[in-house]
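To convert, count from 1 in the sequence shown and add 167; that's my numbering.
Everything on this sheet refers to the single structure shown next.
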Amino acid sequence: MTLDDKMLKSGEQAVFDLRALYQRYGYAPFKMSKFEEYDLYVENKDFLVGDGVITFNDTDGKLLALKPDVTLSIIKNSKDDSKEITSKVYYNENVYRISKNTHTFKEIMQTGLECIGNIDVYAATEVVLLAVKSLEAVSEDYALDLSHLGVVSALVDRLCVSEADKKKIIRCIGEKNTHGMKELCDSLGVDKNICEKLSALISAYGKPSSVLPKLRELNAGPEAEAAIDELEIITNTLAKVGYGNRVNIDFSVVNDMSYYSGILFRGFVEGIPEGILSGGRYDKLMKKMGRKSGAIGFAVYLDLLERLDAHENEYDTDILLLYEDGADVCELMHAVTVLAKNGTRILAQKTVPDGIRYRQLLTYRNGGLEILEIGN
Numbered sequence: 168m169t170l171d172d173k174m175l176k177s178g179e180q181a182v183f184d185l186r187a188l189y190q191r192y193g194y195a196p197f198k199m200s201k202f203e204e205y206d207l208y209v210e211n212k213d214f215l216v217g218d219g220v221i222t223f224n225d226t227d228g229k230l231l232a233l234k235p236d237v238t239l240s241i242i243k244n245s246k247d248d249s250k251e252i253t254s255k256v257y258y259n260e261n262v263y264r265i266s267k268n269t270h271t272f273k274e275i276m277q278t279g280l281e282c283i284g285n286i287d288v289y290a291a292t293e294v295v296l297l298a299v300k301s302l303e304a305v306s307e308d309y310a311l312d313l314s315h316l317g318v319v320s321a322l323v324d325r326l327c328v329s330e331a332d333k334k335k336i337i338r339c340i341g342e343k344n345t346h347g348m349k350e351l352c353d354s355l356g357v358d359k360n361i362c363e364k365l366s367a368l369i370s371a372y373g374k375p376s377s378v379l380p381k382l383r384e385l386n387a388g389p390e391a392e393a394a395i396d397e398l399e400i401i402t403n404t405l406a407k408v409g410y411g412n413r414v415n416i417d418f419s420v421v422n423d424m425s426y427y428s429g430i431l432f433r434g435f436v437e438g439i440p441e442g443i444l445s446g447g448r449y450d451k452l453m454k455k456m457g458r459k460s461g462a463i464g465f466a467v468y469l470d471l472l473e474r475l476d477a478h479e480n481e482y483d484t485d486i487l488l489l490y491e492d493g494a495d496v497c498e499l500m501h502a503v504t505v506l507a508k509n510g511t512r513i514l515a516q517k518t519v520p521d522g523i524r525y526r527q528l529l530t531y532r533n534g535g536l537e538i539l540e541i542g543n
């Protein structure tokens, strides 16, 4: 049995396509419980996307939570192997979060992958490539924005300011707020040279071939140079396999530096105003959870793809087929089967339902089909 694309909503189709994609690259399925101990999320609440966790008491009185995140569960249940190997897993799981649209709890299907272990440049490049391919599986019009916390931290760590003020500076970078950055630097007495370099990060946007040379001109030190080298390897590799025009460097892609390190990325598709894919390297989270391994991964937020369905499903059915009482059931079913053979959506009714949108209105009379109307 095969499933025609027209039978599936964008999110549902993506689950099948992405699962096949990840399996081709050697990623194994990872299954987990719907809930975890609440302490797991309390200890890492800043890592979670959004606030709000649904909790309940187990039969032994232990406080459990419906999982709002998959990555934390995978880390908790994975082996901490220090050998020269990586554990590669993908998942299709429901998570439970507060909806951005309705502000109520919502069950969200999420898919993604995690690569845990000895993360070298190849492993990082493979994950970024799969992120690009994931976007391609969802839409023909897509882009991936890349940044690297190695460049950001090389500058921010020079500042003799509090951790709270460092977070404010990083927020300015993420918001592309050059004016706010300069005002903040002035109020904190930050060296103007460093402030100019931080402001340069905000304006550093575009294709890698034009942005990477500008990053090197910052002369931000060995850590930044190593980060730029990694960005160059990854973007050159993506270009070589045909995705160079889909990738941009954009340092507004930043995350909490107490959890993340290294490469970060966010994916977009036409028709949805926010990122549908987010990922990066999170070695600091691994260390915080007592792990020696490195890790990199991403998630695709399938609930956002519902917006694509809203644009694409202009009609409720392709063909509305009207038939009369006493119609020959065998002949009528044969006609419906023939019409539906190539994935066309058929709705057979005796009368036209209120408010229905159709591409064609057909009627079945005396063993034959007649077109009554095209579109409505």
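C-beta: ideal position from N, C-alpha, C; glycine also.
All figures in this text were calculated on a predicted structure; none of them were measured in a lab.
* **Pick from Gly347, Cys339 and Asn386 that is closest to Asn360, judged by C-alpha positions** => Counting from 1 along the sequence shown, the entry for residue 360 is found at position 193. Of the candidates Gly347, Cys339 and Asn386, the one whose C-alpha sits nearest the C-alpha of Asn360 is Asn386.
* Do Ala515 and Tyr482 have their CB atoms nearer than 8 Å? -> Position 348 of the sequence shown, counted from the start, is the residue given in the question as residue 515. Position 315 of the sequence shown, counted from the start, is the residue given in the question as residue 482. Result no, Cβ atoms of Ala515 and Tyr482 do not sit closer than 8 Å.
* To do: Please report the residue range of the alpha helix (DSSP H) in which Thr238 lies.
  => Mapped onto the sequence shown, residue 238 falls at position 71. Note, Thr238: alpha helix (DSSP H), Thr238 to Asn244.
* To do: Can you tell me which of Asn244, Gly193, Asp225 and Ile486 puts its alpha carbon nearest to the alpha carbon of Arg526?
  => The count along the sequence shown starts at 1 and reaches residue 526 at position 359. Closest option to Arg526, Cα to Cα, is Ile486.
* Using DSSP with H/G/I as helix, E/B as strand and the rest coil, what is Arg433? -> As a working note, residue 433 is residue 266 in the sequence shown. Correct three-state label for Arg433: strand.
* To do: Put Ala304 into one of helix, strand or coil per three-state DSSP.
  => Looking up residue 304 in the sequence shown gives position 137. Correct three-state label for Ala304: helix.
* Return the CA-CA distance between Leu188 and Val305, expressed in angstroms with no decimal places. => For the purposes of this step, residue 188 is taken as residue 21 along the sequence shown, with counting starting at 1. For the purposes of this step, residue 305 is taken as residue 138 along the sequence shown, with counting starting at 1. For Leu188 and Val305, the distance between alpha carbons rounds to 12 Å.
* Quick one: any contact between the stretch 430–445 and the stretch 250–257, if contact means 3 or more CB pairs under 8 Å? -> no
* With a threshold of 16 other CB atoms inside 10 Å of the CB of Glu384, please say whether the residue is buried or exposed. => Counting from 1 along the sequence shown, the entry for residue 384 is found at position 217. Burial call: exposed.
* To do: With a threshold of 16 other CB atoms inside 10 Å of the CB of Val408, please say whether the residue is buried or exposed.
  => Position 241 of the sequence shown holds residue 408. Exposed, because fewer than 16 other Cβ atoms sit within 10 Å of the Cβ of Val408.
* **Classification of Asp213 by the beta-carbon crowding that lies within 10 angstroms, buried from 16 upward** => For the purposes of this step, residue 213 is taken as residue 46 along the sequence shown, with counting starting at 1. The residue is exposed, with fewer than 16 neighbouring Cβ atoms inside 10 Å.
* Asked: DSSP state of Ser354, grouped into three classes?
  -> Translated into the one-based positions of the sequence shown, residue 354 becomes position 187. Looking at Ser354 - three-state DSSP - the assignment turns out to be helix.
* Asked: Going by C-alpha distance, which of Arg191, Thr238, Gln180 and Asp227 is nearest Tyr208?
  -> Here residue 208 refers to the residue found at position 41 of the sequence shown. Here the closest residue by C-alpha is Thr238.
* Helix, strand or coil for Cys282 per DSSP? -> Within the sequence shown, residue 282 is the residue found at index 115, counting from 1. Correct three-state label for Cys282: strand.
* Asked: Fully enclosed by the stretch 184–213, which beta strand (DSSP E) runs are 3 residues long or longer?
  -> 202–204
* **Identity of the residues DSSP links to Gln277 by a beta bridge** => Position 110 of the sequence shown, counted from the first residue, corresponds to residue 277. DSSP output for Gln277 lists Glu260 and Tyr468 as bridge partner(s).
* Lys255, DSSP secondary structure in three states -> As a working mapping, residue 255 is identified with position 88 in the sequence shown. Three-state result, Lys255: strand.
* Asked: Out of Asp184, Met500 and Asp324, which has the shortest C-alpha to C-alpha gap to Val357?
  -> Position 190 of the sequence shown, counted from the start, is the residue given in the question as residue 357. For the residues Asp184, Met500 and Asp324, the minimum Cα distance to Val357 belongs to Asp324.
* To do: Give me whichever residues DSSP pairs with Glu473 in a beta bridge.
  => The sequence position of residue 473 within the sequence shown is 306, counting from 1. Paired residue(s): none; Glu473 is not in a bridge.
* CB Leu382 to CB Ile400, shorter than 8 Å? -> As a first step, residue 382 must be located in the sequence shown, where it is residue number 215. As a first step, residue 400 must be located in the sequence shown, where it is residue number 233. Taking 8 Å as the Cβ cut-off, Leu382 and Ile400 do not qualify as a contacting pair.
* Asked: In whole angstroms, what is the alpha-carbon distance linking Lys173 and Gln180?
  -> By one-based count along the sequence shown, residue 173 stands at place 6. By one-based count along the sequence shown, residue 180 stands at place 13. Caution applies to Lys173, whose pLDDT of 44 falls short of 50 and renders its modelled position unreliable; the value that the coordinates give is listed next. If I take the Cα positions, the gap works out to 9 Å.
* Asked: Leaving out the 5 sequence neighbours to the left and right, which residues in its chain are closer than 7 Å to Leu536 when beta-carbon positions are compared?
  -> Start at 1 with the first residue of the sequence shown, and residue 536 comes out as number 369. Answer for Leu536: Ala502 and Leu529, listed in chain order.
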